[in-house]
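Residue numbers (this note's numbering): 40 to 166.
We put the beta carbon where it would ideally sit given N, CA and C, even for glycine.
In this text, all values refer to a predicted model and were calculated from it rather than measured experimentally.
Encoded structure:
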């Protein structure tokens, strides 16, 4: 579902879409586990994803030393192509969702995603 959204999004809008996907997900996760809980999940996901990520500088580790308030993959000074944004967003979301599912289960994770991303989907959230 997210893969299709990213693939069909015009190049000039893909960074905004990636940002909006993360912003919506962040809102739902922080409601449940707080900012620190989200930051921990996000940092773990970045750590697990970083070796395969197009934005990552593999020469030096980059610790997460601040709370994430507006997570959009790489730092603002890194300019990515739309294709790199698509790949990075898919990879990081996939790992993040996998970690979340491991911790809270598939059903709860699916429900959180439904709520977080309902505005991006064509169908309403099932109650």
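Do three or more CB pairs link the segment 75-87 to the segment 145-163 at distances below 8 Å? no
Looking only at C-alpha atoms, which of 52, 48, 130 sits nearest to residue 81? 130
Where the alpha helix (DSSP H) containing residue 62 begins and where it ends: 53-88
In angstroms with no decimal places, state the Cα-to-Cα distance between residue 50 and residue 67. The alpha-carbon atoms of residue 50 and residue 67 are separated by roughly 27 Å.
Can the beta-carbon of residue 132 be found closer than 9 Å to that of residue 71? no
Sequence-distant residues of its chain with Cβ nearer than 7 Å to residue 148 (five each side left out): Only 136, 139, 140 meet the Cβ criterion.
Proximal residues to residue 121 (C-beta, below 7 Å), its chain only, five neighbours per side dropped: If you ignore the 5 residues before and after residue 121, its C-beta comes within less than 7 Å of the C-beta of 50, 53, all in its own chain and listed in chain order.
Can you look up residue 119 in the DSSP assignment and give me helix, strand or coil? coil
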